[in-house]
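Chemist:
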Amino acid sequence: MKKYLLKRLIQLPIILLGVIAITFLIVQFTPGDPAVKLAGSSARVEDIEAIRTQLGLNKPIWEQFVDYLVNVLHGDFGRSFVRKTEISTDLMTALVNTVYLIVFARIWSVLAAIPLGILAALKQNTWIDKACMGLTLVGVSIPQFWLGLMLMKFLCLQLGLFPISGMGESFFSLDGVLHAFLPALMLGLPQMASISRLTRSEMLEVMRQDYIRTAKAKGLRYKVIVIKHALKNASLPLITVIGTQTGYMLSGSVVIENIFAWPGLGRYSITAILGNDYPVIQASILLFAVMFLVVNLIVDLTYSAVDPRIKY
Amino acid sequence: METLNNSSAMMMLRKCFYNKSVVVGSVILFIMILIAIFAPALAPHDPYLTDGTMALKGPMEGYPLGTDELGRCVLSRMVYGARITIPYSLLSLAVAVVIGVPTGLLSGFYKHLDNPLMRFMDILMAFPGMLLAIAIVATLGQGLGNVTIAVGLGSMPAYARLIRGLVLSLKEMPYIEASIAAGGSDLRILTKHILPNCVPTIVVYSMLEMAWIIMSISTLSFLGIGATPPIPEWGALISAGKDYISSSPHISGFPVIFIFVTVTGFNLLGDGLRDVLDPRM
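Sequences listed follow chains A and B, in order. Be aware that the first sequence starts at 6, since it is given in the numbering used here, and climbs by one per residue. Be aware that the second sequence starts at 1294, since it is given in the numbering used here, and climbs by one per residue.
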């Protein structure tokens, strides 16, 4: 275990370096001169030259990379081409908003998916099972962005139950929760679908085991058998999937945030791409990757903590 | 496949035939492909023909699914959209397979290549699939062609990983050892013995991946960084219809059905083929 931890912790900076290099290259390969873009269309040649020197664009590429690396490690991502603001400040706000949305979605989807999966497994092949599984199949095959638009139309515009888009004043007020409700619902939906399907199949597998039969023969209450004996043993693959899927929610948040105008990292990055705001694209994609790496590391570590049989 | 004789191939086919998912999935996809091929015959109108007097009309005679904001026939645009979405998704898949599979083969077969290649894949996999695609679009520029390449590159690392694992286990098989001992060249062993045994896995995984690819290309087009108007790509159609979702829900609603059906088709076929061809996955 210690050895594995050590190996992961050594690997992490290497991968991180690669990730930083790739985000650096994203800008290097883009057509056009960043100095010209930053200066604007009406700039004089001297201004462009001044910006080029200021940004270090006249240095050789490897020196630029070292500068970039040092800046990134200091948390300095430069200034936005479009909004001219300090990226690191904007980025932190966006990050907090995205994390809030993901935590919200993660909590509801797990709380809904596990009981649903257990129910479907216990009532296998009945209409309840089929309805649950049919619903989850729809959940993965319907374009999320369209579902989001429809919910917005019916629940916000027609019924007026929720604010249409954007974010509330504070996360922990009623207004804040209402604003986050629909985006979190949409973000969690595919998660709920895949986790409940997995819960069902794992529970079906476990319920066939001999020790469950023994527990039944002992006359244990059904509830105790299902929750204490079966669910506990089915939970291991669930934890892995819940963990890795949390990383994939980062991709999902890009779409959802753009539909609901949620001021998070996903909206920030797409706005930047549409506006050719390269330093912002660079910074937000880097932050996404770092978050993904961190989530996956945590998953691996909890995995071995939960199941003592796993030794790396 | 050399090892597969006629009778076992027949058995596979029969198994496929009895698998409900495979049958339903293939029928759906077959119909979709027919729609794409016969689009000019099926579409009642020119999908690009605008008509100001016919804007935002519901279903009616001559326009079975109504018209969009420029008076174009929704059915025709959807049908022609199959000619965009399906080939571009296949192209994207081809990018993933053509780069991912050889990388996996080399990485699994040659020990000294394994570490550098897989560490590079680790770095690419540090970007969640769609974000890698977005990063690549940021570099290449927006547009349907670039999105297609980007989505393909985004799903490529997973192929490399999958095939590498498979090659590592195949390499230990006695028949591979035998052909090494018999003096077969590396190229021959890789292409004649290892690759054919990877094919079922590649097929199954590709079907499931197609579902993701179609969804990603549509999503990126929806976000406005993929297909641009007037291309009738399904995601772009939904994006165009989103401003009229209250008054004319048919503009975005019908393309959604097409995406849903096609994605379900690939998911069903993939799930079914997995049961038949490759129960290990």
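A virtual CB, placed ideally from N, CA and C, is assigned to each residue, including glycine.
Rounded to a whole number of angstroms, what is the C-alpha to C-alpha distance between residue 132 of chain A and residue 140 of chain A?
Modeler: What you label residue 132 of chain A is simply residue 127 of the first sequence in a count that begins at 1. What you label residue 140 of chain A is simply residue 135 of the first sequence in a count that begins at 1. Rounded to the nearest angstrom, the two C-alpha atoms are 12 Å apart.
Chemist: In the structure shown, what three-state DSSP assignment does residue 1311 of chain B receive?
Modeler: Indexing the second sequence from 1 puts residue 1311 of chain B at position 18. Helix, per DSSP.
Chemist: Relative to chain B, which residues along the region 285–308 of chain A have a C-beta separation below 7 Å, given in chain order?
Modeler: If the cut-off is 7 Å between Cβ atoms, the region 285–308 of chain A has 286, 290, 293, 294, 297 and 298 near chain B.
Chemist: Relative to chain B, which residues along the region 13–46 of chain A have a C-beta separation below 9 Å, given in chain order?
Modeler: The residues in question are 16, 19, 20, 21, 22, 23, 24, 26, 27, 28, 30, 31, 32, 33, 34, 35 and 36.
Chemist: Can you find a CB in chain B that lies within less than 8 Å of the CB of residue 253 of chain A?
Modeler: Working through the first sequence from its first residue, we reach residue 253 of chain A at position 248. So, interface residue.
Chemist: Can we say the region 1556–1567 of chain B touches the region 1496–1508 of chain B, given the rule of at least three CB pairs closer than 8 Å?
Modeler: Touching, yes.
Chemist: Give a yes or no on whether 8 Å exceeds the smallest Cβ distance from residue 1295 of chain B to chain A.
Modeler: Start at 1 with the first residue of the second sequence, and residue 1295 of chain B comes out as number 2. Low local confidence applies: a pLDDT of 45 at residue 1295 of chain B is under 50, so the model's placement there is unreliable, and no value is given.
Chemist: Measure from the C-beta of residue 100 of chain A to each C-beta in chain B and report whether the shortest distance is under 8 Å.
Modeler: Working through the first sequence from its first residue, we reach residue 100 of chain A at position 95. By this cut-off, residue 100 of chain A is not an interface position.
Chemist: Residues of chain B with CB under 8 Å from residue 135 of chain A, in chain order?
Modeler: Locating residue 135 of chain A in the first sequence gives position 130, counting from the first residue. Near residue 135 of chain A there are no residues of chain B at all, since even the closest Cβ is about 14 Å away, more than 8 Å.
Chemist: Using a Cβ-Cβ distance under 8 Å, would residue 317 of chain A count as near chain B?
Modeler: The residue you call residue 317 of chain A lines up with position 312 of the first sequence. With a pLDDT of 48 at residue 317 of chain A, under the threshold of 50, the modelled position of this residue cannot be trusted; read the value that follows with caution. Chain B, which has no Cβ nearer than 8 Å to the Cβ of residue 317 of chain A, makes this no.
Chemist: Taking Cβ-Cβ distances below 7 Å as the criterion, which residues of the region 1545–1559 of chain B are in contact with chain A?
Modeler: Listed by position along the chain: 1545, 1549, 1552, 1553, 1556 and 1557.
Chemist: Going by DSSP, which residues form a beta bridge with residue 1353 of chain B?
Modeler: For this step, residue 1353 of chain B is matched to residue 60 along the second sequence. Paired residues: B:1356.
Chemist: Relative to the C-alpha of residue 2 of chain A, which residue among A:39, A:66, A:245 and A:65 is closest?
Modeler: Because chain A in this structure spans residues 6 to 317, residue 2 of chain A falls outside the shown range and cannot be described.
Chemist: Since residue 183 of chain A and residue 168 of chain A are thought to touch, with beta carbons under 8 Å apart, how far apart are those beta carbons, to the nearest angstrom?
Modeler: Your numbering for residue 183 of chain A matches position 178 in the first sequence. Your numbering for residue 168 of chain A matches position 163 in the first sequence. Correct: roughly 6 Å between the Cβ atoms.
Chemist: Short of 7 Å Cβ to Cβ, which residues in the region 220–238 of chain A face chain B?
Modeler: Per Cβ criterion, the list is empty.
Chemist: List, from N- to C-terminal side, the beta strand (DSSP E) runs of 3 residues or more that fit wholly inside the region 168–233 of chain A.
Modeler: Segments of the beta strand (DSSP E) lying fully in the region 168–233 of chain A: there are none.
Chemist: For residue 1520 of chain B, which of B:1308, B:1536 and B:1381 has the nearest alpha-carbon?
Modeler: By 1-based counting over the second sequence, the position of residue 1520 of chain B is 227. Out of B:1308, B:1536 and B:1381, B:1381 has the C-alpha closest to the C-alpha of residue 1520 of chain B.
Chemist: Three or more C-beta pairs under 8 Å: does that hold for the region 1533–1550 of chain B against the region 149–164 of chain A?
Modeler: Output reads yes: the region 149–164 of chain A touches the region 1533–1550 of chain B.
Chemist: Kindly indicate which three-state DSSP category residue 1481 of chain B falls into: helix, strand or coil?
Modeler: As a first step, residue 1481 of chain B is located in the second sequence; it is residue number 188 there, counting from the start. Note: residue 1481 of chain B maps to helix in three-state DSSP.
Chemist: DSSP three-state label for residue 375 of chain A, please.
Modeler: The structure shown does not extend to residue 375 of chain A, since chain A spans only 6 to 317, so no value can be given for it.
Chemist: Residues in the same chain with beta-carbon distance under 8 Å from residue 1526 of chain B, minus the five sequence neighbours each way, listed in chain order, please.
Modeler: By 1-based counting over the second sequence, the position of residue 1526 of chain B is 233. Cβ neighbours of residue 1526 of chain B beyond the five flanking positions: 1374, 1377, 1378, 1381, 1437, 1510, 1511, 1514, 1519 and 1520.
Chemist: Are residue 1400 of chain B and residue 1457 of chain B touching if we call contact CB-CB under 8 Å?
Modeler: Locating residue 1400 of chain B in the second sequence gives position 107, where the first residue counts as 1. Locating residue 1457 of chain B in the second sequence gives position 164, where the first residue counts as 1. Against a cut-off of 8 Å, the Cβ pair of residue 1457 of chain B and residue 1400 of chain B comes out as a contact.
Chemist: Measure the alpha-carbon distance for residue 25 of chain A versus residue 1455 of chain B and round it to whole angstroms.
Modeler: In the first sequence, counting from the first residue as 1, residue 25 of chain A sits at position 20. In the second sequence, counting from the first residue as 1, residue 1455 of chain B sits at position 162. Their backbone Cα atoms lie some 25 Å apart in a straight line.
Chemist: Identify the contact partners of residue 1432 of chain B in chain A, using a Cβ-Cβ distance below 7 Å as the criterion.
Modeler: If you number the second sequence from 1, residue 1432 of chain B lands on position 139. Residues of chain A passing the Cβ test: 31, 34 and 35.
Chemist: Determine, using beta carbons only, whether residue 275 of chain A comes closer than 8 Å to chain B.
Modeler: Your numbering for residue 275 of chain A matches position 270 in the first sequence. Yes - at least one Cβ of chain B is within 8 Å of the one on residue 275 of chain A.
Chemist: Against residue 1535 of chain B, what residues of chain A qualify as contacts under a CB-to-CB distance less than 7 Å, listed in chain order?
Modeler: Residue 1535 of chain B sits at position 242 when you count from the first residue of the second sequence. In chain order: 154.
Chemist: Here's a check: name, in chain order, each residue in its chain whose Cβ is nearer than 6 Å to the Cβ of residue 250 of chain A, leaving out the five neighbours to either side.
Modeler: Here residue 250 of chain A refers to the residue found at position 245 of the first sequence. The residues are 196.
Chemist: Once you ignore the five residues that flank residue 1534 of chain B on each side, which residues in its own chain have a CB closer than 6 Å to its CB?
Modeler: Here the question's residue 1534 of chain B lines up with position 241 in the second sequence. So the qualifying residues of the chain are 1544 and 1545.
Chemist: By Cβ distance, which residues of its chain are closer than 8 Å to residue 1353 of chain B, with the 5 residues on each side in sequence left out?
Modeler: Here residue 1353 of chain B corresponds to residue number 60 of the second sequence, with the count starting at 1. Contacts found: 1359.
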